[in-house]
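Single-structure report; data block below.
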Amino acid sequence: MSSNQTDPGSPAPKGRGAIPGLIKGLATTARTLARPSHTAEYPDAQPHLPPRSRGVIALLEENCTSCMLCARECPDWCIYIDSHKETIPAPTPGGRERQRNVLDRFAIDFSLCMYCGICIEVCPFDALHWSPEFEYAELDIRDLLHEKERLGQWMPTVPPPPALDPGAPEPAEVAAANKPPRAARPARPATTVRPQPPAAQGDA
1 MSSNQTDPGS PAPKGRGAIP GLIKGLATTA RTLARPSHTA EYPDAQPHLP
51 PRSRGVIALL EENCTSCMLC ARECPDWCIY IDSHKETIPA PTPGGRERQR
101 NVLDRFAIDF SLCMYCGICI EVCPFDALHW SPEFEYAELD IRDLLHEKER
151 LGQWMPTVPP PPALDPGAPE PAEVAAANKP PRAARPARPA TTVRPQPPAA
201 QGDA
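Read in UniProt numbering, the sequence shown has 92 at position 92, and its numbers run on one by one without any break.
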């Protein structure tokens, strides 16, 4: 093999492959310089969040029955609930007294929460909701333990649920509320029971 021929398997001389790559990178930089910037100057410009963003968990206190289902299902054990039983007098004379759970404390430690949303999904009474609010940073990590008063302040920021599809059936709750009451059944006429003749002694 002569000295002027190069081996096809040998690497390219240094510097020969770097020039096209450098020109390609400079071309990309030149194209980017001509485009407007998409950087949002937060907090001067608020970000556009999706309508169902997982920002913070809001509490609708009047819907909570202290069933402890959310606290038991939480993987991080960051929900703390305290309640007591209260006796409700009978609404009518001779009726039975009833007992209900009264919520004393509902707190979420957001320093432990991983925003999985399991507590919201398992709540049978729609007491927990996602709020898009995310500006609740604290200087002390211990201040991320929010009580029910703070959780209730986020309820006005919860977006309404999306509308149903045009072909979707009416929700069962709405259908039951709009259903007309049943008409009272007419009273059945009293039937006369005829006395049976006494059995003969020979039939015994």
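From the three backbone atoms N, C-alpha and C, an ideal C-beta is built for every residue, glycine too.
Locate the alpha helix (DSSP H) running through Q153, then write down its first and last residues.
For Q153, the enclosing alpha helix (DSSP H) stretches over residues K148 to Q153.
Only counting the same chain, and skipping five residues up and downstream in sequence, which positions put a Cβ closer than 6 Å to that of residue 225?
With the chain covering 1 to 204 only, the question about residue 225 has no answer from this structure.
Inter-residue spacing [alpha-carbon to alpha-carbon] between G152 and D76
CA-to-CA, the gap between G152 and D76 works out to about 22 Å.
Between which residues of its own chain and C78 is the CB-CB distance below 7 Å, once the five residues before and five after are set aside?
Within the same chain, and ignoring the five residues on either side of C78 in sequence, the residues whose Cβ sits closer than 7 Å to its Cβ are I108, D109, L112 and C113.
Take the Cβ of C64 as the centre, count every other Cβ of all protein chains shown within 10 Å, and call the residue buried at 16 or more, exposed below.
When all chains shown are included, C64 counts as buried.
Have a look at S131, F106 and V102 and flag the residue whose alpha-carbon is nearest the alpha-carbon of Y115.
Y115 has its Cα closest to that of S131, out of S131, F106 and V102.
Measuring straight from C-alpha to C-alpha, what distance separates R35 and L26?
Computed Cα separation, rounded: 15 Å.
Through-space distance from K148 to E121, alpha-carbon basis
Each residue's Cα considered, the two are about 19 Å apart.
Under 8 Å Cβ to Cβ from K85, same chain only, skipping five residues before and after it: list those, please.
Apart from sequence neighbours up to five positions away, the residues of its chain that approach K85 with a beta-carbon distance below 8 Å are Q99, R100, N101 and V102, ordered along the chain.
Presumed contact (8 Å Cβ cut-off) between C74 and I118, rounded CB distance
With a beta-carbon spacing of about 7 Å, C74 and I118 fall inside the 8 Å limit used to define contacts.
Cα-Cα, which of L60, E135 and C123 is closest to L69?
Minimum Cα distance to L69 is reached at C123.
State the Cα-Cα distance for the pair residue 231 and F106, rounded to the nearest angstrom.
Past the boundaries of the shown model lies residue 231; the chain is included only from 1 to 204, so the question cannot be answered.
Got a sec? Which residues, its chain only, sit under 6 Å from Y80 by beta carbon, not counting five neighbours each side?
Short of 6 Å from the beta carbon of Y80, and not among the five residues preceding or following it, lie these beta carbons of its own chain, in chain order: A107.
From which residue to which residue does the beta strand (DSSP E) around T32 run?
Counted as a single uninterrupted DSSP element, the stretch harbouring T32 is not any beta strand (DSSP E) but the alpha helix (DSSP H) occupying residues A18 to L33.
Less than 7 Å separating the beta-carbons of E138 and L144?
One thing to note: E138 has its Cβ within 7 Å of the Cβ of L144.
Among the residues of its own chain, which have a CB less than 7 Å from the CB of Y136, if the five just before and after it don't count?
Hits under 7 Å: V56.
DSSP beta-bridge partners of H38:
Beta-bridge pairing links H38 to no other residue.
Euclidean distance between Cα positions of G167 and P181:
If I take the Cα positions, the gap works out to 27 Å.
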